[in-house]
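In terms of my numbering, the first sequence opens at residue 171 and continues consecutively.
From the three backbone atoms N, C-alpha and C, an ideal C-beta is built for every residue, glycine too.
All remarks here apply to the structure that follows.
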Amino acid sequence: MFATNIPSASSWLESLNPAQREAVTCGDGPVLVIAGAGTGKTWTLACRVAYLIERGVPPERILLLTFSRRAAKEMLARAGRLVDRTRTGKVWGGTFHATANRLLRIYGRALNLSPDFTVLDQADMADLMDLIRGERTPARDKKERRFPKKDTLVAMYSRMVNAGEPLSSVLEHAFPWCRDEADGIRAIFAEYTRRKRDQNVLDYDDLLLYWRALGETPAGQDVARLFEHVLVDEYQDTNPLQAQILQSLRAENRNLMVVGDDAQAIYAFRAASVRNILDFPLQFPGARRITLEQNYRSTRPILDVSNAVIAQARERFPKNLWPVRSGGARPVLLTCSDENEQSGEVCDQILEHREQGIPLRRQAVLFRTGHHSDLLELELTRRNIPFVKYGGLKFLESAHIKDVLAMMRVLENPRDEVSWFRVLQLLDGIGPAGARSIMTSLGVRVAPRDPLRTLIDSPPRVPDATAVGLNALRLALADCTADSTPLPPASEIARIRQFIEPFILERYSSGQARLQDIEQLEQVAGNYSVRGRFLSELALDPPSATSDLAGPPLLDEDYLILSTVHSAKGGEWDVVHIIHAADGMIPSDMSTGNQEEIEEERRLFYVALTRARDNLYVYFPLRFYRRPRGLDDNHHFAQLTRFLPEPVQSLFDRRGAGAAESFSSASVVHKSSRDGIDRLLSSLWDG
DNA sequence: CGGCTGTAACTTTTT
DNA sequence: GTTACAGCCG
Numbered sequence: 171m172f173a174t175n176i177p178s179a180s181s182w183l184e185s186l187n188p189a190q191r192e193a194v195t196c197g198d199g200p201v202l203v204i205a206g207a208g209t210g211k212t213w214t215l216a217c218r219v220a221y222l223i224e225r226g227v228p229p230e231r232i233l234l235l236t237f238s239r240r241a242a243k244e245m246l247a248r249a250g251r252l253v254d255r256t257r258t259g260k261v262w263g264g265t266f267h268a269t270a271n272r273l274l275r276i277y278g279r280a281l282n283l284s285p286d287f288t289v290l291d292q293a294d295m296a297d298l299m300d301l302i303r304g305e306r307t308p309a310r311d312k313k314e315r316r317f318p319k320k321d322t323l324v325a326m327y328s329r330m331v332n333a334g335e336p337l338s339s340v341l342e343h344a345f346p347w348c349r350d351e352a353d354g355i356r357a358i359f360a361e362y363t364r365r366k367r368d369q370n371v372l373d374y375d376d377l378l379l380y381w382r383a384l385g386e387t388p389a390g391q392d393v394a395r396l397f398e399h400v401l402v403d404e405y406q407d408t409n410p411l412q413a414q415i416l417q418s419l420r421a422e423n424r425n426l427m428v429v430g431d432d433a434q435a436i437y438a439f440r441a442a443s444v445r446n447i448l449d450f451p452l453q454f455p456g457a458r459r460i461t462l463e464q465n466y467r468s469t470r471p472i473l474d475v476s477n478a479v480i481a482q483a484r485e486r487f488p489k490n491l492w493p494v495r496s497g498g499a500r501p502v503l504l505t506c507s508d509e510n511e512q513s514g515e516v517c518d519q520i521l522e523h524r525e526q527g528i529p530l531r532r533q534a535v536l537f538r539t540g541h542h543s544d545l546l547e548l549e550l551t552r553r554n555i556p557f558v559k560y561g562g563l564k565f566l567e568s569a570h571i572k573d574v575l576a577m578m579r580v581l582e583n584p585r586d587e588v589s590w591f592r593v594l595q596l597l598d599g600i601g602p603a604g605a606r607s608i609m610t611s612l613g614v615r616v617a618p619r620d621p622l623r624t625l626i627d628s629p630p631r632v633p634d635a636t637a638v639g640l641n642a643l644r645l646a647l648a649d650c651t652a653d654s655t656p657l658p659p660a661s662e663i664a665r666i667r668q669f670i671e672p673f674i675l676e677r678y679s680s681g682q683a684r685l686q687d688i689e690q691l692e693q694v695a696g697n698y699s700v701r702g703r704f705l706s707e708l709a710l711d712p713p714s715a716t717s718d719l720a721g722p723p724l725l726d727e728d729y730l731i732l733s734t735v736h737s738a739k740g741g742e743w744d745v746v747h748i749i750h751a752a753d754g755m756i757p758s759d760m761s762t763g764n765q766e767e768i769e770e771e772r773r774l775f776y777v778a779l780t781r782a783r784d785n786l787y788v789y790f791p792l793r794f795y796r797r798p799r800g801l802d803d804n805h806h807f808a809q810l811t812r813f814l815p816e817p818v819q820s821l822f823d824r825r826g827a828g829a830a831e832s833f834s835s836a837s838v839v840h841k842s843s844r845d846g847i848d849r850l851l852s853s854l855w856d857g
């Protein structure tokens, strides 16, 4: 389509290094860009988009697949600064799932899919599994034999679909303790699939599955022809199913560019396979390979530590990251006597850097799991340091929000049995069995008649005590469906809130706070005019941080970033604090079952380290509280993360308790230490 | 006696 | 803030 070496009028091309420029300006055909951490990957992709547009590719014929909506937005915003913003706005950008959602609503007919399908997120998938599990497994059988629970069933199912791996193999490799239950599991999956079809719903996995299937239809050819250029970010974290989707787009379009770094593959638990990136040249013959190795982000001492950590990895693409930036402080390995001291130290360092002119928002605290920041959050609050937390956000998962959304989903799709099941159980005197029997009498699953109308017009008989609640529910649903034109989502939530308020206040001690959450949901809904759109956007792009929900006032304020390492992917900060760098936390003791898991944890730690630009702090609490592992003292002496053996430690500036000694000596476990007793006592009077 | 409601342990990472 | 389980109400 265009030659590689046409001189460009764009001055921003001059700012790129040769490898980057090659990636940005290369011509037709498949391209694999191996981009090490901090090598300007995001910038390169943004430039590529801008370049293509400038070369006359219609923006609506560019598809930019990213890992999160946030990443797509960021990249297109950057591209928009290089060329006309109105044009970059037309680029198809977003996650595989969100793009599938969009395409299937247009082309789904070809697969006999009605365009008004609703989307099940992972929690919804689990609820539907559980519903079926409950029907199929009589109570006594559950006690008789251990059968996988709903979340496990979803994990199995998703792995099966996304990895394209037969159930027997999934069970064998990932869930060996469930091998004997294969028949029961298979039966549940079969029923699960049937129900989804009956209810016109697609789960996360279906979105990809159907997109791939689209490729085999004539409509799929139309889809493939839609895009002249397909760009994929974070390719190391895509799964086999996603790779097949790209194959299906290839028929009409050879212009595929994937960007990634095998050393940063951290989503194997989601069936992502590093083979995608390693085998790209085989899957897409004739692929050009470009490697970005020049690191713009970090100072040399930080890069030295990062390289030393990843050098221990078992298997990897050899890459030689070299820093552009010279000088810089050595990373600090800060040993703390316990978690409280760790929280205090983190705050001290943060405030000190702030005094030196690094605003809070240029600093981040990273950790392995959501609750690792609990204690720190208390300390930050105490010291009046504002923060937003990414990852592990439970807003959509909280029961009261799910209750409201279930109401909306019943209105949107009266065949959605999971939502009915939930809504009905709000009422006093109705539990799982009661809800089931009402659903049967409404004919949620079978009747040709709209179950919603049946409930409103001819309600089932229930005991008097229950009838009060049932009538309130009928009234609310009737109000929401009274007009021929549906209420705007925000007004609908307002009406639902009115209905649900007494239940929330009665059920939860923190009822008022929960009602405020619902008001917040109402605020978010204010941006949408159509309920269906609101619901699917919420499922596909859930608020990823507290800040996504809070209004604009927070935006001009300075705040610290707290994030799980997973959610920090792609981010960079001047100062990075990694807490809980102790074995059991990093690596998580949930993930040390086999060498592959440990390797992934190592890459995770590497991702965390490479987020830092100028200053890096790694905190190691000698003692930490471990969730129940026996009745006695749960405080254990920790071992520094195994990813920092002595030679790597020596690259750090070691500070804090025991810094002079080798850390390996701190492995003895003392039960009922004096601190433990003091803590126990103080918990008695502090409550 | 079935099923609802109150009580006790445990809690990875995310589209 | 769940999920399993045990007691008790209808």
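Pick from the options that is closest to residue i, judged by C-alpha positions
i, options, result
"D474", "Q453, V502, F450", "V502"
"A646", "R667, R367, L491", "R667"
"R303", "L550, R552, I626, R356", "R356"
"W743", "L246, I520, E224, Y380", "I520"
"S284", "A442, R532, N583", "N583"
"D711", "N187, E184, T265", "T265"
"V535", "Q526, E525, R552, G561", "G561"
"G208", "N477, P713, E692, I600", "N477"
"P815", "A481, D687, E689", "A481"
"T258", "V227, R458, R272, T288", "V227"
"H736", "E361, H267, I436", "I436"
"D403", "R420, T387, D432, V393", "D432"
"Q464", "V479, R495, E361", "R495"
"D627", "L612, G263, K243", "L612"
Endpoints, the beta strand (DSSP E) within which residue i is located
i, result
"Y698", "From DSSP, Y698 is part of no beta strand (DSSP E); its letter is neither H nor E."
"H399", "399–402"
"V227", "No beta strand (DSSP E) holds V227; DSSP gives it neither H nor E."
"Q533", "533–537"
"D823", "823–826"
"V203", "201–205"
"T885", "In the structure as shown, the chain starts at 171 and stops at 857, and residue 885 therefore has no counterpart that could be examined."
Contact test: residue i Cβ vs the ligand NAD heavy atom, cutoff 7 Å
i, result
"A216", "Because no ligand of any kind appears in the structure shown, any question about the ligand NAD cannot be addressed here."
Range covered by the alpha helix (DSSP H) that runs through residue i
i, result
"F673", "659–677"
"G639", "634–651"
"L274", "266–277"
"L323", "320–333"
"P630", "P630 -> no alpha helix (DSSP H), and no H or E assigned at all."
"G390", "388–396"
"P817", "816–819"
"G250", "239–252"
"T256", "255–258"
"E192", "188–195"
"H343", "337–344"
Beta-carbon proximity list for residue i, same chain, < 7 Å, skipping 5 on both sides
i, result
"A830", "Model confidence at A830 stands at a pLDDT of 41, short of 50, so the residue's coordinates are unreliable and nothing is read from them."
"Q190", "G210, T214, L462"
"V614", "R585, E587, W590, P621"
"F704", "P659, A695, Y698"
Residues near residue i in its chain [Cβ-Cβ closer than 8 Å; skip 5 each side]
i, result
"S185", "none"
"V593", "D573, A576, M577, V580, L643"
"P618", "none"
"Q533", "I520, H523, R524, L730, I731, W743, D744, V745, V746, H747"
Contacting residues, own chain, Cβ-Cβ under 6 Å from residue i (five flanking each side not counted)
i, result
"D286", "none"
"I608", "L594, P630"
"M427", "V201, L401"
query = What runs of the beta strand (DSSP E), each 3 residues or longer, lie entirely inside the stretch 420–508?
reply = 426–430, 458–462, 502–508
inquiry  = Would you call the stretch 475–491 in contact with the stretch 200–207, where contact means no fewer than 3 C-beta pairs closer than 8 Å?
reply    = yes
query = What are the uninterrupted segments assigned as alpha helix (DSSP H) that are 4 or more residues long and contained completely in the stretch 553–625, given in chain order?
reply = 569–582, 587–594, 602–612
task = State whether the stretch 577–594 contacts the stretch 627–635, with contact taken as three or more CB pairs (one from each stretch) at a distance under 8 Å.
result = no
key: Runs of beta strand (DSSP E) lying entirely within the stretch 708–775, each at least 3 residues, in chain order   = 730–734, 743–748
task = Mind listing, in chain order, the continuous alpha helix (DSSP H) runs of no fewer than 4 residues lying wholly within the stretch 359–386?
result = 374–384
Stretch-stretch touch, CB-based, cutoff 8 Å, three pairs: the stretch 329–344 with the stretch 361–379 = yes
query = Are three or more beta carbon pairs between the stretch 554–566 and the stretch 599–618 nearer than 8 Å?
reply = no
ask   = Do the stretch 493–508 and the stretch 242–254 make contact, defined as three or more Cβ pairs closer than 8 Å?
value = no
ask   = Is it true that the stretch 772–790 meets the stretch 811–827, where meeting means three or more beta-carbon pairs spaced less than 8 Å apart?
value = yes
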